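J.:
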Amino acid sequence: MNNIKKIRLIRNIIVIGIIALGIIAYLIIINIHCSEKQNNNNLESFPMEIYNYNETVERYIGENVIGENIKGADIKRMIEDIISHNCQYVNESGKFISIHNGEYDKESKSRLVDGKRVELFENDEELDKACKMANIYENKKYGENTQENIDKATDKMREFAKKISAGKKYKVEAVKENEVIFAVYISPVE
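Counting from 1 along the sequence shown, just add 8 to a position and that's the residue number in our numbering.
#1: Roughly how many angstroms separate the alpha carbons of Asp136 and Ile87, rounded to a whole number?
#2: Could you check whether the Cβ of Val23 sits closer than 7 Å to any Cβ belonging to chain D?
#3: Taking only the alpha-carbon atoms, compute the straight-line gap between Val183 and Leu29 and give it to the nearest angstrom.
#4: Asn143 by DSSP, collapsed to three states: which one?
#5: Just to confirm my understanding: we take Asn147, look at its own chain, exclude 5 residues before and 5 after, and list those with CB closer than 7 Å. What are they?
#6: Which of the three DSSP states is assigned to Glu106 in this structure?
#7: Sort Ile107, Ile83, Thr154 by Cα distance to Lys97 and report the nearest one.
#8: I'd like the span of the beta strand (DSSP E) that includes Ile172, first residue to last.
#9: Can you tell me whether Phe129 is helix, strand or coil according to DSSP?
#10: Note down, in chain order, each residue of its chain lying with its Cβ closer than 6 Å to the Cβ of Lys84, except the 5 sequence neighbours on either side.
#11: I'd like to know if the stretch 159 to 169 and the stretch 29 to 38 are in contact, where contact means that at least 3 CB-CB pairs between them fall below 8 Å.
#12: Check for me: the beta strand (DSSP E) holding Lys84 runs from which residue to which?
#13: Measure how close the beta-carbons of Lys177 and Ile78 come, nearest whole angstrom, since I'm counting them as under 8 Å.
#14: To the nearest angstrom, how far is the alpha carbon of Asn62 from that of Gly75?
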């Protein structure tokens with residue numbers, strides 16, 4: 009009789025242990041899933057969210073990745089829209105749109121060194137650096153869209169916008185990853 013009680017006790021401990029391990033495994037899986045969802049921001053899963061996110065730029069250039077002959081006044085508005093957009097997504101990884109002066113080089117995935125650029129703006133490197141510090145797509149290791157990084161990028165973007173001539177025409181190139189716009193390159197059309 010005493011052995012039967014011991015066997016039942018051991019059996020109950022094993023069953024409770026298995027149930028506890030199952031609950032712990034379930035909680036770990038849920039935590040991992042939530043972390044991945046947060047890191048990816050789940051834009052890839054929802055075409056409507058991608059559309060709404062990209063709309064900040066696409067309203068000026070259409071759904072193409074290149075918009076040509078865009079008026080300077082519209083470029084200035086687009087820059088302000090991008091700044092507002094970036095401020096809306098503070099601390100949400102992968103949700104920052106950079107602005108660069110010049111043409112996009114697909115091979116180097118950065119500004120074309122000898123390409124057309126807004127000549128009146130002389131702080132290209134500072135603008136690039138500030139945007140890259142806030143953009144994980146352009147700076148995989150250190151890019152974070154913290155409030156501090158967004159503020160620095162915003163200051164440089166506004167400096168750049170001041171050098172855009174309202175009466176001139178410009179070309180805008182949008183750069184995407186997983187269908188999400190993460191940078192625009194602005195150059196004059198001559």
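Think of the CB as a built atom: it goes at the ideal place given N, C-alpha and C, for glycine as much as any other residue. As the structure is a computational prediction, the values presented were derived from the model and not from experiment.
T.: The structure says:
#1: For the purposes of this step, residue 136 is identified with residue 128 of the sequence shown, where counting begins at 1. For the purposes of this step, residue 87 is identified with residue 79 of the sequence shown, where counting begins at 1. Going by the C-alpha atoms only, they are around 15 Å apart.
#2: Annotation note: the requested chain D is absent from the structure, which comprises a single protein chain.
#3: For the purposes of this step, residue 183 is identified with residue 175 of the sequence shown, where counting begins at 1. For the purposes of this step, residue 29 is identified with residue 21 of the sequence shown, where counting begins at 1. Distance between the alpha carbons of Val183 and Leu29: 46 Å.
#4: What you label residue 143 is simply residue 135 of the sequence shown in a count that begins at 1. Taken through DSSP and simplified to helix, strand or coil, Asn143 comes out as coil.
#5: For this step, residue 147 is matched to residue 139 along the sequence shown. Within the same chain, Asn147 has close Cβ partners Lys140, Met141.
#6: Residue mapping note: residue 106 aligns to position 98 of the sequence shown, counting from 1. First, the amino acid is wrong: residue 106 is Ser here, not Glu. Looking at Ser106 - three-state DSSP - the assignment turns out to be strand.
#7: As a working mapping, residue 97 is identified with position 89 in the sequence shown. This sequence places Tyr at residue 97; Lys is not what is there. The shortest CA-to-CA distance from Tyr97 to any of Ile107, Ile83, Thr154 is the one to Thr154.
#8: Taking the first residue of the sequence shown as 1, we reach residue 172 at position 164. Neither: Ile172 is in no beta strand (DSSP E) and is coded neither H nor E.
#9: Your numbering for residue 129 matches position 121 in the sequence shown. Coil.
#10: What you label residue 84 is simply residue 76 of the sequence shown in a count that begins at 1. So the list reads Ala169, Ile172, once near-sequence residues are dropped.
#11: Here the stretch 159 to 169 does not lie against the stretch 29 to 38, with fewer than 3 beta-carbon pairs under 8 Å apart.
#12: Within the sequence shown, numbered from 1, the residue matching residue 84 stands at position 76. DSSP places Lys84 outside any beta strand (DSSP E); the residue lies instead in the alpha helix (DSSP H), whose first and last residues are 80 to 96.
#13: Your numbering for residue 177 matches position 169 in the sequence shown. Your numbering for residue 78 matches position 70 in the sequence shown. Confirmed, about 7 Å.
#14: One-based indexing of the sequence shown puts residue 62 at position 54. One-based indexing of the sequence shown puts residue 75 at position 67. Rounded to whole angstroms, the separation of the alpha carbons of Gly75 and Asn62 is 14 Å.
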